[in-house]
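So in numbering that gives the first Met the number 0, spot 160 of the sequence shown is number 159, and the numbers just go up one at a time.
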Amino acid sequence: MLLDMRTLSLILVGTSPLLLHRVYRHGQRDHIASKIGRGNFEEEAHEVMFKDSHGNPVVPVSWLWDAIRKGCSRIIVDRGEQLSFVKLQQTLHLPAGFIRLQGKSNRPLEWEVYTSVQHSASGSKKMIVVVAPQFKDWMLEARVSVDAQELDDHLLQRIFNEAGKSGIGLFHPPKKHFGQFRVFQVALSSIV
0 MLLDMRTLSL ILVGTSPLLL HRVYRHGQRD HIASKIGRGN FEEEAHEVMF KDSHGNPVVP
60 VSWLWDAIRK GCSRIIVDRG EQLSFVKLQQ TLHLPAGFIR LQGKSNRPLE WEVYTSVQHS
120 ASGSKKMIVV VAPQFKDWML EARVSVDAQE LDDHLLQRIF NEAGKSGIGL FHPPKKHFGQ
180 FRVFQVALSS IV
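Written as structure tokens, this is what we have:
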């Protein structure tokens, strides 16, 4: 049995700055602590930035899946049931690997150094400095395939908007409000 698959182009626009550190798990304090102490934070931010093999800033698709999983937990569908992330993974197909980070509205992609003093662990008096590249005006354009019979455009947009509230990258909600996004556009590319 053949399924009707649609290929869509989603434009996800950042609504809060994105911290594009290679480590995005807040609990891994040893890995996000600055290694240079007092030095050139710009060099360190560039070094810890998630980049492709050509040095361009990218977002791992796994970060987007994590946000979608969290977003699904807040969506109620038929008969008051929570949207199943497992079923969604069978219906929604994201690109593999990475998505190129772009500037909003065709602007050049710019970043600055973000530094923050944090506790090294919950309840600890020891402090660490976190250094990361911060992108303020960012967007992602992802081509996705969906099962036309299982997932309509309205539900797809709702899923990604809920994922956007969860955010991606370092210090995304509920820790701090970085890496949040919203769906700006869903454009139909083709039906297979």
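We put the beta carbon where it would ideally sit given N, CA and C, even for glycine.
Close-in-space but distant-in-sequence residues of the same chain around residue i (CB under 8 angstroms, 5 per side omitted)
{"i": "G168", "result": "L17, L18, L19, H20, Y23, V58, W62, F177 and G178"}
{"i": "A32", "result": "S119, I127, V128 and V129"}
{"i": "K124", "result": "H118"}
Secondary structure of residue i, DSSP reduced to three states
{"i": "H30", "result": "helix"}
{"i": "G122", "result": "coil"}
{"i": "Q184", "result": "strand"}
{"i": "W62", "result": "helix"}
{"i": "V22", "result": "coil"}
{"i": "K50", "result": "strand"}
{"i": "G70", "result": "helix"}
Same chain only: Cβ atoms within 7 angstroms of residue i, ignoring 5 sequence neighbours per side
{"i": "R99", "result": "N55 and V57"}
{"i": "R157", "result": "I74"}
{"i": "F180", "result": "L11, V12, G13, T14 and G163"}
Beta-carbon proximity check, residue i vs residue j, cutoff 8 angstroms
{"i": "W137", "j": "L93", "result": "no"}
{"i": "I67", "j": "Q184", "result": "no"}
{"i": "E161", "j": "G79", "result": "no"}
{"i": "G102", "j": "V60", "result": "no"}
{"i": "S8", "j": "R142", "result": "yes"}
Per DSSP, the bridge partner or partners of residue i
{"i": "Y113", "result": "A131"}
{"i": "E140", "result": "I10"}
{"i": "H45", "result": "Answer by DSSP bridge pairing: none, since H45 is not bridged."}
6 angstroms CB neighbourhood of residue i in its chain, flanking five on each side removed
{"i": "I82", "result": "Residue identity differs from the one stated: residue 82 is Leu in this sequence, not Ile. Counting only Cβ-Cβ distances below 6 angstroms, and skipping sequence neighbours, we find C71, I74 and V76."}
- Message: For the structure I just gave you, are there three or more beta carbon pairs, one from the stretch 110–120 and one from the stretch 38–48, closer than 8 angstroms?
- Response: yes
- Query: Would the stretch 143–150 and the stretch 70–90 be scored as touching if the rule is three or more Cβ pairs under 8 angstroms?
  - Reply: yes
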